[in-house]
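Quick notes on the structure that follows.
In the UniProt record's numbering, the protein residues as written are 1 to 412.
See below:
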């Protein structure tokens with residue numbers, strides 16, 4: 001293939017591998033570089049809404065994901081102090097029929113492994129241990145130079161290098177914005193946690209400036225827990241040293257059954273939660289940002305990986321339509337991807353911020369939240385349609401200005 005059909009993907013995580021898979025499937029000659037010494041994913045569980053599982057089904061990967069994933073019965077919000085149910089959304093037949101896809105929870109490493117194998121099978125070259133230090137754009141191609149001096153020549157570069165993206169810093173120049181919250185995580189055999197018996201839901205206990213999420217993984221053999229709370233610390237790094245006393249104090253008001261599960265949350269380290277303001281600057285000539293490099297978001301809507309898969313789908317569609325090959329118009333093709341994706345991802349980012357505030361409300365705010373959710377009687381489809389419906393069926397109003405105003409935007 002000629003240079004114009006070569007694409008360099010920077011970053012070998014979920015966003016990068018999904019992009020590589022769809023590009024290779026659409027006729028591009030793809031190389032993926034990853035700065036780590038091997039292609040591997042860290043972390044624990046993640047949630048895949050039907051907007052993501054529908055794409056995995058389209059790509060022929062859903063059945064492989066299902067072999068290790070769990071289809072939870074419902075999404076349940078509980079009061080962290082009393083353990084009482086505030087709201088429940090059933091994820092059974094009606095949900096699947098409405099969105100034409102299931103809601104699944106899976107281990108990050110399992111999704112990563114499936115995407116890695118699929119990208120390799122489609123012909124993507126995988127180059128670990130490579131940090132891209134410089135990108136030089138020419139009239140008809142781009143040259144990426146690694147820290148070791150290796151040159152990669154391509155028609156386009158897809159930057160999928162995560163929250164702390166070096167390519168985003170060069171393009172937008174903004175820093176991650178710390179939230180003041182940290183997350184402790186733990187995944188253990190489910191039989192070790194007595195309070196987790198018969199857990200078939202994604203359960204979220206919410207309280208003032210804190211919440212805990214639990215759900216099963218690996219066919220119900222593992223329990224995934226994430227404990228999030230406000231703990232202002234200097235944002236020296238995303239991964240921080242954990243503190244058992246800090247964790248126990250943050251949830252001292254929690255129901256005994258909830259506190260009992262915290263014994264199985266690892267305290268060796270914790271993660272400082274951060275995002276960035278939405279930006280319209282996804283593209284610089286022949287370079288496109290995707291995934292957390294383009295739209296890092298808080299986890300409150302469980303959409304980080306889902307939106308990365310949507311990026312890959314849109315990128316693949318534009319390339320499959322032949323736009324980059326028309327007069328070597330990679331810049332126009334990448335601008336088209338950004339035009340299609342930026343409004344939606346900006347809305348997801350700002351809504352995730354707002355939903356975090358709802359989860360962590362106290363006093364009158366919490367009372368109003370609980371009353372509103374209980375009055376819904378378990379029917380939340382009108383709140384979910386905009387996020388989960390297939391493209392072309394989005395029910396969200398076009399005017400996104402209120403969300404942008406509330407959460408801010410980065411126009412640089």
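For each residue, glycine too, the CB sits at the ideal point set by N, CA and C. None of the values given here were measured: they were computed from a predicted structure.
* First and last residue of the alpha helix (DSSP H) that includes residue 373? -> 364-375
* Asked: Taking C-beta to C-beta, are residue 122 and residue 231 nearer than 7 Å?
  -> no
* Quick one: what's got a C-beta closer than 8 Å to residue 80's C-beta in the same chain, skipping five residues either side? -> 205, 206, 207, 210, 211, 212, 251, 253, 254, 255 and 258
* Asked: Are the beta-carbon atoms of residue 193 and residue 223 separated by less than 7 Å?
  -> Against a cut-off of 7 Å, the Cβ pair of residue 223 and residue 193 comes out as a contact.
* **residue 77 - containing alpha helix (DSSP H), residue span** => Unbroken run through residue 77 is the beta strand (DSSP E), 74-79; no alpha helix (DSSP H).
* **For residue 85 and residue 76, believed in contact at Cβ under 8 Å, the rounded distance** => With 8 Å as the limit, residue 76 and residue 85 qualify as a contact, their Cβ atoms being about 6 Å apart.
* 6 Å Cβ shell around residue 408 - same chain, five flanking residues per side excluded -> Below a pLDDT of 50, predicted positions are generally treated as unreliable, and residue 408, at 42, falls in that range; no measurement from the model is reported.
* Asked: Which residues mark the beginning and the end of the beta strand (DSSP E) in which residue 29 is found?
  -> Following the DSSP letters along the chain, one finds residue 29 inside the beta strand (DSSP E) bounded by residues 29-33.
* Give me the Cα-Cα distance between residue 362 and residue 368, rounded to the nearest whole angstrom. => 10 Å
* For residue 65, does the count of other Cβ atoms within 10 angstroms reach 16, so buried, or fall short, so exposed? -> buried
* Asked: Leaving out the 5 sequence neighbours to the left and right, which residues in its chain are closer than 8 Å to residue 134 when beta-carbon positions are compared?
  -> 144 and 145
* Asked: Which residues does DSSP pair with residue 229 in a beta bridge?
  -> 182 and 210
* Once you ignore the five residues that flank residue 239 on each side, which residues in its own chain have a CB closer than 7 Å to its CB? -> The residues are 269 and 271.
* Asked: Is residue 47 helix, strand or coil by DSSP?
  -> strand
* **the segment 177-191 touching the segment 159-169, judged by at least three CB pairs closer than 8 Å** => no
* To do: Note down, in chain order, each residue of its chain lying with its Cβ closer than 7 Å to the Cβ of residue 349, except the 5 sequence neighbours on either side.
  => Cβ within range, chain order: 275, 278, 295 and 297.
* **Sequence ranges, beta strand (DSSP E) only - wholly within the segment 86-121, length at least 3** => Runs of the beta strand (DSSP E) lying entirely within the segment 86-121 and spanning at least 3 residues, in chain order: 104-107.
* Asked: In three-state terms, what does DSSP make of residue 450?
  -> As displayed, the chain neither begins before 1 nor continues past 412, which places residue 450 out of reach and without an answer.
* Three-state secondary structure (DSSP) of residue 406 -> The predicted model places residue 406 with a pLDDT of 35, which falls under 50 and marks its position as unreliable; any figure quoted below should be read in that light. Residue 406: helix per DSSP, three-state reduction.
* Can you say whether residue 148 is buried or exposed, counting buried as having 16 or more other CB atoms within 10 angstroms of its CB? => exposed
* Asked: With DSSP run on the structure shown, which of helix, strand or coil describes residue 266?
  -> coil
* Asked: Are three or more beta carbon pairs between the segment 89-106 and the segment 1-8 nearer than 8 Å?
  -> no
* Asked: Ends of the alpha helix (DSSP H) at residue 159?
  -> From DSSP, residue 159 is part of no alpha helix (DSSP H) but of the beta strand (DSSP E) over 156-159.
* Can the beta-carbon of residue 345 be found less than 7 Å from the beta-carbon of residue 218? -> no
* Are the CB atoms of residue 9 and residue 19 nearer to each other than 7 Å? -> yes
* To do: Just the C-alpha distance for residue 477 and residue 322, rounded to the nearest angstrom, thanks.
  => Given that the chain is displayed from residue 1 to residue 412, the structure contains no residue 477 and the question cannot be resolved.
* **residue 132 - DSSP class collapsed to helix/strand/coil** => strand
* Asked: Leaving out the 5 sequence neighbours to the left and right, which residues in its chain are closer than 8 Å to residue 73 when beta-carbon positions are compared?
  -> So the list reads 90, 91, 92, 200 and 201, once near-sequence residues are dropped.
* Note down, in chain order, each residue of its chain lying with its Cβ closer than 6 Å to the Cβ of residue 358, except the 5 sequence neighbours on either side. => 369
* Enumerate in chain order the residues of its own chain whose CB-to-CB distance from residue 356 is below 6 Å, with the five nearest sequence positions on each side excluded. => 298 and 300
* Extent of the continuous beta strand (DSSP E) to which residue 240 belongs -> From DSSP, the beta strand (DSSP E) with residue 240 extends over 239-241.
* If you compare alpha carbons, which of 347, 320 and 315 is closest to residue 336? -> 315
* So which of 15, 59, 62 and 88 has the shortest CA-CA distance to residue 375? -> 88
* Flag this pair as yes or no: are the beta carbons of residue 142 and residue 47 separated by less than 7 Å? => no
* **Contacts around residue 303, its chain only, beta-carbon distance under 6 Å, and the 5 residues preceding and following it disregarded** => 348
* Quick one, are the C-beta atoms of residue 287 and residue 157 less than 7 Å apart? -> yes
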